[in-house]
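K.L.:
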Amino acid sequence: MIHFPHHRSAILSAVLIGMIAAAGRGESKPFRIQVVDDETGRGVPLVELKTVNNIRLLTDSNGIIAFDEPGLMDQPVFFYVESHGYLFPKDGFGFRGAALEVKAGGSATLKIKRLNLAERLYRVTGAGIYRDSLLTGDKAPIRESVINGRVLGSDSVVNAVFRGKLHWFWGDTNRPGYPLGNFDVPGATSELPSQGGLDPAKGIDLSYFVDETGFAKPTAKLPGDGPTWIDGLVVLGGHEGRERMFAAFVKVKPPLEVYRRGLAEYDDELKSFSQVAEFDMKAPCFPGGHPFVIRDDDAEYVYFSRPYPLVRVPADVRSISDLSQYEAFTCLKTGSRLDAPQIDR
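Sequence positions in the sequence shown follow the working numbering and run 22 to 366.
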């Protein structure tokens, strides 16, 4: 009998256990399910498939699910199929779903009817965008197919084309390492399709601004306690040869109370915003929402939509930081306020 030192015995035991487990599994591959739009044939993301015993699965951005559930392989398995804006046909008993013959390495395609006018294409941010495609060996169109900038998910986005690149900024953002993430506006850029970027129909390759840990760093750590939120992202001065990008910001304290409001400008070298103006919290109109620039006779204006474009300001750097230059389209008489409204009939 051969004797090994204690630590070598432990290592050998672990190796043998791993070999036995691998042999028991064999070269098992998942069962590939793809849900496609019945009109376009494109894979549909965020379709929920649910087994009879309530195992819930979601398609990735290729519309794929990698199914490898012990106890449910090598037999027929029924999947309920459901997704907002899409409809799967009922069977003879009224169930919206299908029974699939599940086998390791096999595949099946399910066609779903789109009710939405718009076609759902893919997720832009977060983890696992092409998770199941990776497991089934399918290709992903983007470089970082399962996680990028260590971002698990982000709140709503604003974006603008600035100095030849599309700039993206999000709200509160989760990370893998701790429940508290980035509450001061992560950011990223992507190349325009005309400059070598992906066709928007295929996907978006984001290049995040990251810290020393690789996590998406804050770009708007503005003075004051609590998170910073931005919107109203607008680029001015392109016709003057030097573009400048501005955003409206608010500072937030518990329980989600906005206590400061102002305007910030983006520094392209520092990849961050700095405050350029603070606005009176009682001001009747101010920048925000999703803006666009439009020419009205001989003047250009920035219109701010929330969701309707009822506030505007001349499209120049001096005016955007001066609330006295803002105009609002309203049913109130001049000088009237919502706390004591006088309607202009």
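Every residue, glycine too, gets a C-beta built ideally from N, C-alpha and C.
(1) Expressed to the nearest angstrom, what Euclidean distance is found between the alpha-carbon atoms of Ile315 and Asp252?
(2) In chain order, what residues of the same chain lie with their CB nearer than 7 Å to the CB of Glu122, ignoring the 5 residues before and after it?
(3) Going by C-alpha distance, which of Asp220, Trp189, Glu90 and Gly309 is nearest Arg333?
(4) I'd like to know if the segment 158-173 and the segment 88-95 are in contact, where contact means that at least 3 CB-CB pairs between them fall below 8 Å.
(5) Using a threshold of 8 Å, state whether the C-beta atoms of Ala298 and Gly283 are closer than that.
(6) When the distance is taken between beta carbons, is Val172 closer than 8 Å to Ala237?
(7) Taking the DSSP output, what are the residues bridged to Tyr101?
(8) I'd like the ranges of any beta strand (DSSP E) spanning at least 3 consecutive residues and lying wholly in the segment 215-262.
(9) Please state the DSSP three-state secondary structure of Arg141.
(10) Just to confirm, is the Cβ distance from Thr13 to Asn180 under 8 Å?
(11) Sorted by chain position, which residues of the same chain lie with C-beta nearer than 6 Å to Leu78's C-beta, five sequence neighbours on each side aside?
(12) If you draw a straight line from the C-alpha of Arg196 to the C-alpha of Pro275, how long is it?
(13) What does the Cβ neighbour count give for Phe300, buried or exposed, with the cut at 16 atoms within 10 Å?
(14) In or out: Gly158 buried (at least 16 other Cβ within 10 Å) or exposed?
(15) With 16 other CB atoms within 10 Å as the buried threshold, where does Ser177 fall?
(16) Nearest by alpha-carbon distance to Leu291: which of Ala209, Glu140 and Asp318 is it?
P.N.:
With the given structure in hand:
(1) 19 Å
(2) Pro97
(3) Gly309
(4) no
(5) Taking 8 Å as the Cβ cut-off, Ala298 and Gly283 qualify as a contacting pair.
(6) yes
(7) Lys71 and Gly118
(8) Runs of the beta strand (DSSP E) inside the segment 215-262: 249-257.
(9) coil
(10) The chain is shown from 22 up to 366; residue 13 falls before or after that span and cannot be answered.
(11) These residues qualify, in order along the chain: Leu70 and Ile86.
(12) 22 Å
(13) buried
(14) By the neighbour-count rule (16 or more Cβ atoms within 10 Å), Gly158 is not buried but exposed.
(15) exposed
(16) Ala209
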